[in-house]
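Counting from 1 along the sequence shown, just add 1186 to a position and that's the residue number in the numbering used here.
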Amino acid sequence: MITFKNKHITIFQSPIYQTNSSVIETDDMILVVDPTTLPHEVVKIRDYVTRVRKDLPVYLFFTHSDWDHILGYNGIGEAKCIGAERMITREDKEQILAQITSFDDQYYLVRDYEVRYPHIDYVVNRDGQQLKIGNTTMTFYASTGHTDDSLFATIEPAGILLSGDYLSDIEFPYIYHSSHDYENTLNKVEDILLNHSPGLLVPGHGNLAEDCQEILRRKSASLAYIHELRSSLEEEDEERADMLLHGWRFPKVMGEFHKGNMALIREELQNAKR
Ligand SMILES: [Zn+2]
């Protein structure tokens, strides 16, 4: 289950959607990111944290509130939670919890902790907001577009960039909130790379990236997908829009996400005409 490990970070990748949970160890803190997915996987992360935490404070960072990213809340032991303000104010928390219940139900999954919606202790409501613990600095950037409560985070001096559900090599953009915000978020990436020079990108799903060129390649591929999708829908050329699905590994489920993107962008185009 551990798919990557160095001095600063251990990645626990779930086979479910290839979701990455991170445990970051610095001299000052332990930072757990989006612990998920199957019950025994959450237990493994909890056991690992218990083993390495010593006297250090444990923080739990949620990149956003999608069900598969929050379901380990309450499952890894005591921790202070970090998340966007919008995670607190959103009104569909019950629906998110219902998605977890339905997943557990479908596969007869039993958890040894109570699934709850995260209580956020440290609220991020500003672009570039920093949290300093000893010599460790976390910098947060609003990354709306996928959802409206998404955040990027850099961890220094460890040199890590956490991108949540952006910059994946196994998914095209899944746009639930706004395609324009999604583009703005991608357009922040270059500055983040310049300002923080991260040596490791950890996306929510898929493979890590250790070099800048690969991160920028993913950024361009995501932007190209959005531009091409919008332009084909402007021309009402659905066949052209569907060409974007070629080459992806899991066409059945990804086709559904692609359709969702099409519906959202169509609505944006109609609203722009009004
Ligand atoms: Zn996700």
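Think of the CB as a built atom: it goes at the ideal place given N, C-alpha and C, for glycine as much as any other residue.
The three-state secondary structure of G1269, taken from DSSP, is strand.
Between F1358 and S1336, the alpha-carbon positions lie close to 17 angstroms from each other. One residue list follows from the rule of a beta carbon closer than 7 angstroms to any heavy atom of ligand 1, given in chain order as Y1203, T1205, D1252, D1254, H1255, D1351, G1390 and H1391. Cβ neighbours of L1409 within its own chain (closer than 7 angstroms, five residues either side excluded): E1369 and L1372. Annotation: K1266 to L1217 spans about 9 angstroms, alpha carbon to alpha carbon. Nearest in C-alpha terms to E1211, of all of S1200, L1242 and P1221, is L1242. Per the C-alpha coordinates, the member of I1356, D1214, L1224 and Q1315 positioned closest to P1437 is I1356. When the alpha-carbon of M1429 is set against those of E1414, H1250, H1391 and R1232, the nearest one is in E1414. Per DSSP, S1383 lies in no beta strand (DSSP E) and is assigned neither H nor E. For V1238, the CB contacts under 7 angstroms within the same chain, skipping 5 residues up- and downstream, are E1211 and I1216 in chain order. With three or more CB-CB distances shorter than 8 angstroms, the segment 1440 to 1451 counts as touching the segment 1417 to 1429.
As for any beta strand (DSSP E) of minimum length 3 sitting wholly inside the segment 1280 to 1319, the runs are 1308 to 1310 and 1315 to 1319, ordered along the chain. Within the DSSP bridge table, the entry for F1338 names Y1327 as partners.
Fewer than three beta-carbon pairs drawn from the segment 1333 to 1351 and the segment 1299 to 1309 are found closer than 8 angstroms, and the two stretches are therefore not classed as touching. Beyond the five residues adjoining it in sequence on each side, R1297 comes within less than 8 angstroms, by CB distance, of P1225, V1228, G1261 and D1290 in the same chain, given in chain order. For S1406, no beta strand (DSSP E) segment is defined; the enclosing uninterrupted segment is the alpha helix (DSSP H) at C1398 to E1420. Membership of E1369 in the alpha helix (DSSP H) is indicated by the continuous run S1365 to L1372.
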